[in-house]
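Read through the structure below, which is laid out as structure tokens, and then see the notes.
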Amino acid sequence: MDLGFKGKTALVTGAGSQIGFGKEIALLLAKEGCQAVAVTDINLEDSKKTAAEVKKLGGKSTALQADITKKAEVDAMVKKVIDEYGKIDILCNVAGAILHKDYVPLDEQKHEIWAKQMDLNLFGTMYVTRAVLPHMRKQKHGAIVNIGSGSTRQYAFGVGVYAISKYAIDLFTKQLAYQEGKNGIRCNCIAPGPAPTNFGAVLREGMPPPPPEQYNKMREEMLKAFPLGRLGKPADIASITVIMASEATNYITGQVIQVSGGNVM
Ligand SMILES: NC(=O)c1ccc[n+]([C@@H]2O[C@H](COP(=O)([O-])OP(=O)(O)OC[C@H]3O[C@@H](n4cnc5c(N)ncnc54)[C@H](O)[C@@H]3O)[C@@H](O)[C@H]2O)c1
């Protein structure tokens, strides 16, 4: 099947983490034939590592730095991609994190953390999208894939404002799909279940890892809620993200796809 990536330029945010979804998505876009994959992260050194791997696969790549919560940095980053490649056909909004601890009752939560969480996951995604949109409109096509989260359907996890910020991503996806369809721009959202990356570092801060026996028991308990019997891997998220960015899905827009081994149905 031709995924239609020949000659396409993609921009992937959050592509610096060497064990995260963004890098895996960038590499798969290159493997599947994208001509150029620009990779950006708050951390330039990490972006450079990912860009080097994209180039090894034969694709062009540029490593960029931008904090997605800072409009000026985002605008400058998008301008660099346009200056270098002349267009952006595909945008994968991957950068994000959970910024608060789990199971904190509402009356003990701090407004600063709510604001930071919404700024990163929601407004950061909106800043990048807003900067890319005029270029996609001009060329009358574009595919945007946002990364949401299965936590929006997992009320028992108590992940609070993180889940709220990702629920907002679901709505943003649909709003954008509705608004931009007439301009040839599609927008979909991938909602991953838990996968061992760096995104939840704050959850573990100050907590020593449990002893192996306890960890294995907790893991076994958790896996009972996953019909496919395992947690996710970056490759599971990359494959569906790349398909949703491709021409194979050019009649699909405004959808939120749960990718969690059946944990969320
Ligand atoms: N891993 C999971 O269990 C899981 C589950 C559901 C959703 N997600 C979502 O997947 C996305 C990718 O996370 P991941 O799991 O690959 O984690 P990760 O931490 O491995 O990668 C996230 C990347 O985003 C970057 N980033 C963070 N803040 C940034 C900022 N302000 N500006 C630019 N870049 C920034 C980080 O530097 C990092 O490289 C996130 O949006 C996360 O919320 C992850």
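Numbering of the sequence shown is given in the working numbering, commencing with residue 91 and proceeding in unit increments.
Where is the CB? At the ideal position from N, CA and C, for every residue including glycine.
Keep in mind the model is a prediction, meaning the values are calculated, not measured.
- Item | DSSP bridge partner residues for Ser47 (one or two, in chain order) | The structure shown does not extend to residue 47, since the chain is modelled only from 91 through 355, so no value can be given for it.
- Query: Which parts of the segment 161–236 are runs of the alpha helix (DSSP H), unbroken and 4 residues or longer, counting only runs that do not cross its ends?
  - Reply: Counting only runs of at least 4 residues, the segment 161–236 fully encloses the following alpha helix (DSSP H) elements, listed from N- to C-terminal order: 161–175, 201–207, 215–229.
- Query: Mind checking whether Ala128 and Val194 have CB atoms under 8 Å apart?
  - Reply: Contact: no.
- Please report the Cβ distance between Pro284 and Ile327, rounded to the nearest whole angstrom; I am assuming they are in contact, meaning their Cβ atoms lie under 8 Å. In fact, because the Cβ distance is near 11 Å, the residues do not count as touching under 8 Å.
- Between the Cα of Gly110 and those of Arg276, Leu293, Asp131, spot the shortest distance and give me the residue it belongs to. Cα-wise, what sits closest to Gly110 is Asp131.
- Message: Between Phe289 and ligand 1, is there a pair consisting of the residue's CB and a ligand heavy atom that are separated by less than 7 Å?
- Response: Yes, ligand 1 has a heavy atom inside 7 Å of this Cβ.
- Query: Straight-line CA distance for Leu43 to Met167?
  - Reply: Look at the range of the chain in this structure, 91 to 355, and you will see that residue 43 is not part of it.
- Query: When the distance is taken between beta carbons, is Thr331 closer than 8 Å to Cys124?
  - Reply: Their beta carbons are not under 8 Å apart, which means Cys124 does not touch Thr331 by this criterion.
- Val349 - containing beta strand (DSSP E), residue span: The continuous beta strand (DSSP E) containing Val349 extends over residues 346–349.
- Task: Could you tell me whether the segment 248–265 touches the segment 195–211, using the rule of 3 or more Cβ pairs below 8 Å?
- Result: Look at the beta carbons and you see the segment 248–265 touching the segment 195–211: at least three pairs across the two are nearer than 8 Å.
- Item | Paired residues, beta bridge with Pro282 - DSSP | Paired residues: Val349.
- Which value, in whole angstroms, describes the spacing of the CA atoms of Glu295 and Leu223? One C-alpha to the other measures close to 37 Å.
- Mark Leu318 as exposed unless 16 or more other C-beta atoms lie within 10 angstroms of its C-beta, in which case mark it buried. Classification of Leu318: exposed, given that the 10 Å Cβ count is below 16.
- Message: Is the separation between the beta-carbon of Ala105 and that of Ala116 shorter than 8 Å?
- Response: Yes, these two residues count as a Cβ contact at 8 Å.
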